[in-house]
Amino acid sequence: MLAAFAVPKLISFMGVRDDAWRDALAGSMRMAQKFAVGHRRLVCATVNNTSVTLRIASVNPATSCDTDLPGPSGGTEFATASNSQATTVVSAGSSPAVVLYFQPDGRVTTDGAGANAVDWTITPTAAAPISILGETGHVE
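Each number in the numbering used here comes from the position in the sequence shown (counting from 1) with 14 added on.
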């Protein structure tokens, strides 16, 4: 009886947690793009399996970010997965990556200098992938 009732509910609950992580990832990427355009500064979004941190350049032009943007809780993490076993794959085109560079003009590039705008994909565990258009920074 336990397998018939408890396991499906547990699996459903884990899916909700992963959807929440996906939503937090997408929201963080939208905020990074808005910060970059609004402040006219480079914003660097670092994504790992269970967290996102945002940093901003203190001057413009810049090729790197040197100041933490505080997350909703006031700490350095902008988003955190509730599932400590989550895996998150970030890729620029077909290459794996960890840092997304949001340029002051809204583009998303593979480097701080902004030489190469590419489309990005962020794929969290058990959730639909997130697409970011390189030329506009639009998050889908």
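Glycine included, C-beta positions come from ideal geometry on N, C-alpha and C.
Note that this is a predicted model, so its numbers are computed, not measured.
- Membership of S65 in the beta strand (DSSP E) is indicated by the continuous run 65 to 70.
- Sequence-distant Cβ neighbours of V153 in its own chain, meaning closer than 6 angstroms and more than five residues away, are A40, M43, R44, I146.
- In the structure shown, A59 adopts extended strand secondary structure according to DSSP, grouped into three states.
- The residues G128, A131, G148, E149, T150, G151, in chain order, have a CB closer than 8 angstroms to that of R121 in the same chain once the five nearest residues on each side in sequence are set aside.
- Taking the C-beta atoms as reference points, A140 is found no nearer than 8 angstroms to T124.
- For T135, the uninterrupted beta strand (DSSP E) run begins and ends at 134 to 138, by DSSP.
- With a cutoff of 8 angstroms on beta-carbon distance, R55 and I70 are scored as near each other.
- In the structure shown, L114 adopts extended strand secondary structure according to DSSP, grouped into three states.
- The beta carbons of P138 and T81 sit no closer together than 8 angstroms.
- In this structure, the alpha-carbon of N97 lies about 36 angstroms from that of V73.
- The three-state secondary structure of V51, taken from DSSP, is helix.
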